[in-house]
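Residue numbers (our numbering), protein chains in the order written: chain A, 358 to 741; chain B, 2 to 581. Ideal placement from N, C-alpha and C gives every residue a C-beta, glycine not left out. Since this is a predicted model, take the numbers as computed values, not measurements.
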Amino acid sequence: MQAVILAAGEGRRVRPLTWSRPKAMIPVANQPIIAYTIDALVTNGIRDIIVVVGYRKEHVTRFLNQIDLPIEVVIQEKQLGTAHALQQTACQIKGDFLLLPGDNYIDAQSVAKIKDIKNAVLVKEHPNPSNFGVVTVRDGRVDSIVEKPDNATSFLVSTGIYSLPADFFQYIRGNDVTEAISCMVESGIDVHAVIADDWQDAIYPWDLIRLNQRLLRHLPTGREGIASRHATFQGPVHIGKGTTIGPNTVISGPVIIGNDCTIGPNSCILPNTSIGSRVTVEPLSLLGNSIVMDDTSIASHSRILDSIVGERCVLGDHISTATAGGFLEIEGKPIHSHFGAILGDHVNCGSFTRIRNGMVGNNVTFEGNRDVISRIIPDNTLVI
Amino acid sequence: MCGIVGYIGRRQAAPLILDGLKKLEYRGYDSFGIATLGCDLEIEKHKGRISEYSGALQLQGNIGIGHTRWATHGIPNDINAHPHVDCTNRIAVVHNGIVENFAELKKALTARGHTFRSQTDTEVVVHLVEEQYGKGTDLLSAVRKILPALKGSYALLIIAVGSDCIIAARNGSPLVLGIGDNEYFAASDMTPVLDYTDRAVFLEDGDIACMTKNGIEIYQDTCRVNRPVELIDWSPEEGRKGGFAHYMLKEIYEQPQAFFNTLRTVDKHTLPSFVCKFPSVTLVACGSSYHTGLIFKYLLEESCGVPVFVDVASEFRYFHPPLEGLVIGITQSGETADTLTALKLAQKHNCQTLAITNVLGSSASRVADATLFMRAGPEISVAATKSFIAQLAVLMQIIDARCDGRFENVLHRAHQAIEEVLLIDLSPAVELCRNAQSIFYIGRGPFYPVALEGALKMKEISYIHAEGYAAGELKHGPFALLSPDTPVIAMCMPGETYAVMVSNIKEIKARGAPVIAFGNEDDVELSDVVDLFISLPQAHSFVDVLTSIVALQILAYRTAVALGRDIDKPRNLAKSVTVE
């Protein structure tokens, strides 16, 4: 069986994290989201995988090249919608196939449920259905499907995972797959609705913190680096090759740390934290419930909680993030959020910067001793 | 410069060899051919690129040899394509290298009644073997007898009706034997073999190997010798294009990783001690590697005052400076003929030699006293990209060792800056360049070789005439060529030459040529002066060199794509030049 993964879209609502990579390539628990989708397929014995790439396509391709699977890459030059992306693969599709989004988490069991049913959509209940394709179901079959409605009529949403027939392309009208599905339903073809076991989507950047928690739940313990005898570990902690953990550092799992990092001495890492490769955490700093991406350095006396820190950031000493709720304007709408800080790539924070519920763009520099409270700071800003 | 592949084992040889030759296409691509040993000797040869060949091969048999050619003697056509056969159609040979005394051998052979079908130097080999083989002599002894008669370089694979073996011989041209499970491979480099095995034996000069289905026996003259079996850590994926449109793009995107990996493996503890002590150093290299040498000269002389001489290898071997101190040869493939000769020459003058190369077991690593390997992985595209960055990683690490680790922090963050450059949008610059007649690249200090390299990349893949100049030199002649159709690309990084670069740019602007300037992201002045300002991340000058090269590589690549050029195999060029 073939599977098509869509990884061409930028994921605008996840900006600033999608400046240098598409949403599917954001690392969660030290793996890009798309890697979990591929894992779920491979677990089900599906190895004939086609990935549609577009936005920052070279970065996706570079990652796919590292996987030991002959993945076929198809390019969507302009990001016009999911159906348009799927249409790019029309010549490669030889039979019934699975369609999956590359920027959602799906577990292998859900894929197993849907893969043998012809014409099916994987659905799941969601508290905010109007961000998705909303599905109404009758007798286990799809009655209607509407993409991002203003008033949702049910809490069931489409996960974007479909089992489709080879002749599906003839139903494509607009630019979205949901439109094509409703076209199929209207022409009298039964489309089954299958309830997913575990499916997670991150709509806004702070949702990634929750996704990270979820994905760290099954983290196996592993020690490939060097840890001081005087460091304390609790719970599942995975330490990559070449990483050194200094004395008196306390790490309580689940925590994953990549390769070539230097942590501590005297630092503390709380549960649900993912630290990328080549990261430095200086003494007396506290990290918890956060994602820290590659090549970032965090100086001493810092406190990073409920936060996401992008690649190549340089955080000075005494930086603190405080978890708070507030409204942020995303794509013109005020959205309620609750987190500490979200930093894009290459952010330079001077000493004593304090961030509460603040979203900081890429390549931003803080001169130090500044407060950011419930604000979005755009890319390439200098904050004095 | 050609690629050869041989196979003996349980599979059908022809498709396997065809596949292997495709991977060696970078070594030559004007014609190809395969011979197999079924019930009889079967041969197919074609003119043209192997990757464009779509027909099915009708060759049977589990033993075979193949060749992809880059013409040296005789035009590319079906007849001159290898393998070549003897008068009786019993023996076939493929050859990489040059038989220098082929004219006299050919005269003697014709006098003895042999008919020559091609104009190649290779055909003498097969007729010589024909004279020996059969009269109670097996193929191995026959080849052994004729090899002393050949002058020049060769990697040979020979098969003959009546012997279930392939004879491989090497002198001066690369040859690797791959060891599978009851199957054996021979190839010019590891890439065709990687799909089947990761165990390899690198033959030495003068080795003759007899490959049978049961094993490999290697001889130096008549003495049986043992060569170590080495494990190759390249994965087959690294040799493939993946989803990238071209190998060159793939290799550009692998540069942050290539730089970081090289930096980590070549640290000051692994550097040979004499590398850190030399009073003066001479670098010999060709092409892009020569430019890395020039960059090294600027950076080392400025940071620790050690005199550096840089020479083009092909000049060096005939007109070399008085030699003393350390001689470093830089070659991606480790097989560049001129660089190898230069290293041998340096050894004759009692100099210590160091090779910097990307290929484990290559000739350069055997010639030199010590070798530093860049960990760039296989580079397929003819235009050097990641090997260039990896060479710089090695050379910068040498500078760092000479300066007591002064640059360690800078170098360890350098890959991040390269990663940032990959995101820069160069489409306005491509629009300016694609319709240009000529493009001039200018820079000062270490950015002068950067300009040279940028121009080289542009001309080799986009076929647009491009020249690199030291910025001050433009006034001494090339100014006459400036016009609105000749964009000038200026490397204008902060430093003591910044002010004079800006005034150079203003002079160029006054002559009506459009200027594209690469500068620092904090720059406020340039964007008002030039037509197009492209900002690179702010960093140490070492890192500026790296980022600006990557930006110029991408510019050349995008321009070539816009013009629809054949990027991975530019016309008239070959990946590594193993002829002088």
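Which one or two residues does DSSP pair with Cys-224 (chain B) in a beta bridge? B:Gln-221
Q) What number of angstroms, rounded off, separates the C-alpha of Arg-435 (chain B) from the C-alpha of Lys-460 (chain B)? A) 12 Å
Report task. Can you give me, in chain order, the residues of the stretch 181-207 of chain B that have a beta carbon less than 8 Å from any beta carbon in chain A? Result -> none
Rounded C-alpha distance that separates Val-704 (chain A) from Gln-388 (chain A): 22 Å
Review point. If we count the other Cβ atoms within 10 Å of its Cβ and call it buried at 16 or more, is Leu-426 (chain A) buried or exposed?
Key: exposed
Check this for me: beta carbons of Thr-372 (chain B) and Ala-391 (chain B), under 7 Å apart or not?
no
Exercise for the section: Using beta-carbon positions only, say whether Ile-676 (chain A) and Ser-659 (chain A) come within less than 7 Å of one another. Expected result: yes
Which one of A:Arg-369, A:Ala-360 and A:Ala-386 has the shortest CA to CA distance from Ile-665 (chain A)?
A:Ala-386
What does DSSP give as the partner residues of Val-514 (chain A) in its beta bridges?
-> A:Lys-481 and A:Val-491
- For Val-525 (chain B), does the count of other Cβ atoms within 10 angstroms reach 16, so buried, or fall short, so exposed? exposed
Notebook entry, point to check: Nearest to Ile-5 (chain B) by alpha carbon, out of B:Ile-35, B:Arg-11 and B:Pro-16?
Noted result: B:Ile-35
Among all the DSSP beta bridges, which residues are the ones paired with Thr-213 (chain B)?
B:Gly-216
- Message: Which residues in chain A have a C-beta closer than 9 Å to the C-beta of Gln-417 (chain B)? List them in chain order.
- Response: Arg-635, Asp-651, Asp-652, Glu-668, Arg-669 and His-703
### Task
Write down the C-beta distance between Asn-78 (chain B) and Ser-32 (chain B) rounded to the nearest angstrom, noting that I regard them as a contact closer than 8 Å.
7 Å
Q.
Using 8 Å for Cβ pairs, my map puts Thr-606 (chain A) next to Ser-624 (chain A). What's the rounded Cβ distance?
A. 5 Å
Original post:
What's the gap between the Cα of Thr-439 (chain A) and the Cα of Leu-456 (chain A)?
Top reply: 10 Å
- Comparing alpha-carbon positions, which option in B:Lys-107, B:Ser-174 and B:Ile-92 lies nearest Ser-363 (chain B)? B:Ser-174
Beta carbons nearer than 9 Å to chain A: which residues of the stretch 250-276 of chain B have them? Leu-250, Lys-251, Ile-253, Tyr-254, Glu-255, Gln-258, Phe-261 and Arg-265
query = Which two residues bound the contiguous beta strand (DSSP E) that contains Tyr-155 (chain B)?
reply = 153-161
Next item on the list: Select from B:Ile-555, B:His-541 and B:Ser-542 the residue whose C-alpha is nearest the C-alpha of Ile-656 (chain B).
Entry: Within the shown structure, residues of chain B are numbered from 2 to 581, placing residue 656 (chain B) beyond reach of any answer.
Q. For Asp-87 (chain B) versus Glu-131 (chain B), is the C-beta distance shorter than 7 Å?
A. yes
- Task: Determine the direct distance from the alpha carbon of Ile-329 (chain B) to that of His-1 (chain B), and round the result to whole angstroms.
- Result: Outside the shown range of chain B, which is 2 to 581, sits residue 1 (chain B), and nothing can be said about it.
What residues from chain B crowd round Glu-415 (chain A), counting only those whose CB sits closer than 8 Å?
Phe-245, Leu-250, Tyr-254 and Leu-423
| message | With three or more C-beta pairs closer than 8 Å as the rule, is the stretch 280-296 of chain B touching the stretch 402-411 of chain B? | response | no
* For Gly-207 (chain B) and Val-100 (chain B), the rounded distance between their alpha carbons -> 15 Å
In chain B, which residues lie with their C-beta within 8 Å of the C-beta of Val-410 (chain A)? Gly-244
Please report whether the beta-carbon of Ser-657 (chain A) lies at a distance below 7 Å from any beta-carbon of chain B. no
query: Between which two residues does the alpha helix (DSSP H) containing Gln-359 (chain A) stretch?
result: Per DSSP, Gln-359 (chain A) belongs to no alpha helix (DSSP H); it is in the beta strand (DSSP E), 359-364.
inquiry  = Taking a contact to mean a Cβ-Cβ separation below 7 Å, would you say Gly-603 (chain A) touches Gly-592 (chain A) in this structure?
reply    = no
Requested in this report: Closer than 6 Å by C-beta to Leu-301 (chain B): which residues in its own chain qualify, once you throw out the five before and the five after it? Chain order, please.
Outcome: Val-307, Val-309 and Ile-400
Using the three-state DSSP reduction, which class does Glu-686 (chain A) fall into: helix, strand or coil? strand
Minimum C-alpha distance to Ser-731 (chain A) - residue among A:Gly-718, A:Glu-724, A:Gly-725 and A:Ile-712: A:Ile-712
Quick check on the DSSP output: the alpha helix (DSSP H) that includes Asn-737 (chain A) runs from which residue to which? Run containing Asn-737 (chain A): none; DSSP gives neither H nor E here.
- What residues in its chain sit with their C-beta under 7 Å from that of Ala-550 (chain A), if we drop five residues either side in the sequence? Val-478, Val-480, Val-492, Val-494, Gly-497, Arg-498 and Val-499
| request: Measure the CB-CB distance between Ala-321 (chain A) and Ile-391 (chain A) and report whether it falls below 7 Å. | output: Beyond the ends of chain A as shown, which are 358 and 741, falls residue 321 (chain A); an answer cannot be given.
- request: Please list the partners that Val-399 (chain A) has in chain B, where partner means a Cβ-to-Cβ separation under 8 Å.
  value: Chain B residues near Val-399 (chain A): none, gap ~16 Å exceeds 8 Å.
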